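Step one of this worksheet: look at the structure below.
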Amino acid sequence: MSIQPLFQLNDRVALITGGTGGLGLVMAQTLAEAGAKVVITSRSEEKAAAAAQRLNVEGVVGMAAELTDAGQVDRLVQVVKERYGRIDILVNNAGMNIRKPIESYDESSWDQVMDTNLKAPYLCARAVTPLMKQQRSGRIINVASMLGQVGLAERSAYCASKGGLIQLTKVLALELAPFNVTVNALCPGPIATELNTVVMNNPEANRFFVEQIALGRWGKPEEIAGPTLFLASDASSFMTGAALTVDGGWTAK
Ligand SMILES: NC(=O)c1ccc[n+]([C@@H]2O[C@H](COP(=O)([O-])OP(=O)(O)OC[C@H]3O[C@@H](n4cnc5c(N)ncnc54)[C@H](OP(=O)(O)O)[C@@H]3O)[C@@H](O)[C@H]2O)c1
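Letter by letter, the sequence shown follows residues -19 to 233 of this note's numbering.
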């Protein structure tokens, strides 16, 4: 058996939601370098196009969609299908966090986090499923979090949404296995991106975080490249319904 083809994505088409941010950008670069045609999304058309252009790799385009809106998600998938004829990899990466204690956790914040982190992946998975079933192949990667596996104070909606996403992953894995479509969750721990600037800029919170990470440091966005390529490629062909934790050892305790 030769190892290299396992990680090649030539002629595959990947749709990465929220590709303008830290992890999404790294994922786009990774899949494109492995040979895939990659579509990244943002809520803003200009931001999506600028991010795609900034990436120093061919084959990445940006498209706009508000992922909490079923109509916009269906249209996005239709446009990608018309442009490339197929979708091999869906990475449900777009996500957000609002941190506050439960007494002050207003409904609007709760809904925003749940809609972005849990409803949007459901809408995107639902939209690509008919095509992946018809292709009799596909990969869905749900970017959950170690906070879908363990709790952390003041993250009620975030932890609930990511825990829900891990459960959604298992159900979709069972439903789609007969069609050779695998569905896995990627569960990052603390990685130094925009999402975490508020924590990193607070010395006390930052110290607490670093103390929890066995490797003693924040993850770098590029450290998500390998796990993403693994889940997107033939290297993980017998893996479905799993949660791959990449957290520097936070949850090992
Ligand atoms: N960084 C970490 O430590 C960490 C740890 C565990 C899990 N994660 C998860 O990893 C994923 C990526 O995180 P990140 O750190 O790269 O975050 P980020 O830098 O804040 O980027 C988030 C991306 O999501 C998009 N987005 C947010 N809400 C959206 C919506 N309603 N519709 C469409 N796009 C939306 C943003 O796009 P626009 O603003 O351009 O629209 C942006 O591209 C998230 O699901 C996050 O929960 C991150």
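Don't be surprised by glycine CBs; every beta carbon is placed ideally from N, CA and C.
Being a predicted model, the structure only gives us computed values, none of them experimental.
Top-ranked residue by Cα proximity to residue i, from the options
| i | options | result |
| --- | --- | --- |
| residue -9 | 122, 147, 76 and 65 | 65 |
| residue 56 | 11, 68, 32 and 104 | 104 |
| residue 172 | 207, 201, 157 and 151 | 201 |
| residue 46 | 99, 4 and 7 | 99 |
| residue 160 | 206, 133, 117 and 125 | 117 |
| residue -13 | 4, 220, 1 and 10 | 10 |
| residue 22 | 126, 222, 110 and 76 | 76 |
| residue 67 | 36, -15, 183 and 108 | 108 |
Buried versus exposed, by CB contacts within 10 Å (16 or more), residue i
| i | result |
| --- | --- |
| residue 101 | buried |
| residue 112 | buried |
| residue 236 | Outside the displayed span of the chain (-19 to 233) sits residue 236, for which this structure offers no information. |
| residue 163 | buried |
| residue 58 | exposed |
| residue 142 | buried |
| residue -17 | exposed |
| residue 234 | An answer regarding residue 234 cannot be provided, because it is not within the stretch -19 to 233 covered by the chain. |
| residue 17 | buried |
| residue 195 | exposed |
| residue -1 | buried |
| residue 168 | buried |
| residue 31 | buried |
| residue 131 | exposed |
| residue 152 | buried |
Counterpart residues of residue i in DSSP-defined beta bridges
| i | result |
| --- | --- |
| residue 165 | 122 and 223 |
| residue -5 | 19 and 70 |
Residues near residue i by beta carbon distance below 7 Å, same chain, minus five either side
| i | result |
| --- | --- |
| residue 136 | 82 and 85 |
| residue 4 | -4, -2, 20 and 73 |
Same chain only: Cβ atoms within 8 Å of residue i, ignoring 5 sequence neighbours per side
| i | result |
| --- | --- |
| residue 224 | 164, 165, 166, 167, 207, 210 and 211 |
| residue 175 | 1, 2, 75, 76 and 77 |
Which whole runs of the beta strand (DSSP E) in the stretch 34 to 120 are 3 residues long or more, in chain order?
Listed in chain order, they are 40 to 44 and 69 to 72.
Which complete alpha helix (DSSP H) runs does the stretch 129 to 209 hold, if anything under 4 residues is left out?
Qualifying alpha helix (DSSP H) stretches, in chain order: 136 to 156, 177 to 180 and 183 to 192.
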